[in-house]
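Written below as structure tokens is the structure these notes are about.
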Amino acid sequence: MSADVQAPAPRRRTRIQREKRDLILEAALEVFSAHGFRGATIDQIAEAAGMSKPNLLYYFRRKEDIHETLMQRLLDTWLAPLRELDDVGDPLTELRSYIHRKLEMARDFPRESRLFANEILQGAPRIMPLLEGELKALVDDKAAVIDGWMRSGKIARTDPRHLIFSIWATTQHYADFDVQVRAVLGPGRGDEHRFEDAARFLENLFMDGLRPRAR
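In structure tokens form, the structure reads like this:
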């Protein structure tokens, strides 16, 4: 092929093709979050999607392709609140909003959180490049923002990365261990209000610890 001849652009998917892919991914999310990558099968995903296995394989050739697409979508969604951390905003307001957004995600996307947790517990064999690349770069960037707030005396001095890890751990707990949370809280406290209660507690916990100390 001549150097000045461009390859044809990839064909855009039709509306029906996009809807079928979304249907498969929704079914796969249910299957993967329940059984993990190893326990899930193409047959289970096809059955959950209400289509034949050959029809599913028209859209995704392998189970790995479905999982990779899901994990990329998940990471994009999961990192959105951290990307919104604004270096020109008030630090305590920005971090308070981040905690609330992470709890909202734990409430609204529990399957996605469990899928991600399952992958991490297996050693992240399929998403390590994403963790070492996109995720690390974003955390490094936002840790620098938080460190800047600390150096300017706007919030108390601590380790920025461990602060981010702590917010992840405390907020995603309410998705990954939801059954345990509801069982321990018991009737009356284990309903939807548990997320509001958690938000108030975590806000006090982190904000009290981050307010600058009087000299």
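In terms of the numbering used here, the numbers along the sequence shown are unbroken and rise by one, the last being 464. All residues carry an ideal CB built from backbone N, CA and C; glycine is no exception. This structure is a prediction, so every number in the text was calculated from the model and none was measured.
Residue i classed as buried or exposed, judged by whether at least 16 other C-beta atoms fall within 10 angstroms
{"i": "R267", "result": "exposed"}
{"i": "V280", "result": "buried"}
{"i": "P409", "result": "buried"}
{"i": "S301", "result": "exposed"}
{"i": "Y423", "result": "buried"}
{"i": "F309", "result": "buried"}
{"i": "A256", "result": "Here the model assigns A256 a pLDDT of 48, short of 50, so the residue's position is not dependable, and the following value carries that caveat. It counts as exposed."}
{"i": "E368", "result": "buried"}
Simplified DSSP state of residue i, which is helix, strand or coil
{"i": "I413", "result": "helix"}
{"i": "F426", "result": "coil"}
{"i": "T326", "result": "helix"}
{"i": "D396", "result": "helix"}
{"i": "A258", "result": "Per-residue confidence for A258 stands at a pLDDT of 46, beneath the threshold of 50, marking its modelled position as unreliable; no derived number is given."}
{"i": "Q371", "result": "coil"}
{"i": "S251", "result": "Confidence at S251 is low in this model, with a pLDDT of 46, below 50, so its placement is unreliable and no value can be given for it."}
{"i": "P378", "result": "helix"}
{"i": "S346", "result": "helix"}
{"i": "K403", "result": "coil"}
{"i": "F365", "result": "helix"}
{"i": "P340", "result": "helix"}
{"i": "A432", "result": "helix"}
{"i": "P461", "result": "coil"}
Span separating the alpha-carbon of residue i from that of residue j
{"i": "T290", "j": "I315", "result": "11 Å"}
{"i": "W327", "j": "F426", "result": "17 Å"}
{"i": "K351", "j": "D335", "result": "16 Å"}
{"i": "H442", "j": "D390", "result": "34 Å"}
{"i": "A366", "j": "D325", "result": "15 Å"}
{"i": "E452", "j": "P436", "result": "24 Å"}
{"i": "M456", "j": "V430", "result": "23 Å"}
{"i": "R270", "j": "A295", "result": "12 Å"}
{"i": "G338", "j": "M399", "result": "14 Å"}
{"i": "R261", "j": "Y307", "result": "16 Å"}
CB of residue i within 9 Å of CB of residue j, strictly
{"i": "L305", "j": "I273", "result": "yes"}
{"i": "G458", "j": "T419", "result": "no"}
{"i": "R287", "j": "Q371", "result": "yes"}
{"i": "I404", "j": "L454", "result": "no"}
{"i": "A355", "j": "S362", "result": "yes"}
{"i": "A298", "j": "A277", "result": "yes"}
{"i": "E375", "j": "E317", "result": "As written in the sequence, residue 375 is Arg, which differs from the Glu given in the question. Cβ distance < 9 Å, so R375 and E317 count as in contact."}
{"i": "Q321", "j": "L380", "result": "no"}
Supposed contact pair residue j and residue i - C-beta distance, whole angstroms, cut 8 Å
{"i": "L331", "j": "L387", "result": "6 Å"}
{"i": "G402", "j": "P359", "result": "That pair is no contact at about 38 Å."}
{"i": "I416", "j": "A392", "result": "Not a contact, Cβ separation roughly 12 Å."}
{"i": "L323", "j": "L384", "result": "Contact doesn't hold; Cβ gap of about 11 Å is too wide."}
{"i": "A447", "j": "H349", "result": "Not quite, the Cβ-Cβ distance comes to about 10 Å (not below 8 Å), so this is no contact."}
Closer than 8 Å: residue i CB and nearest the ligand SAH heavy atom
{"i": "F309", "result": "The ligand SAH is not part of this structure, which contains no ligands at all."}
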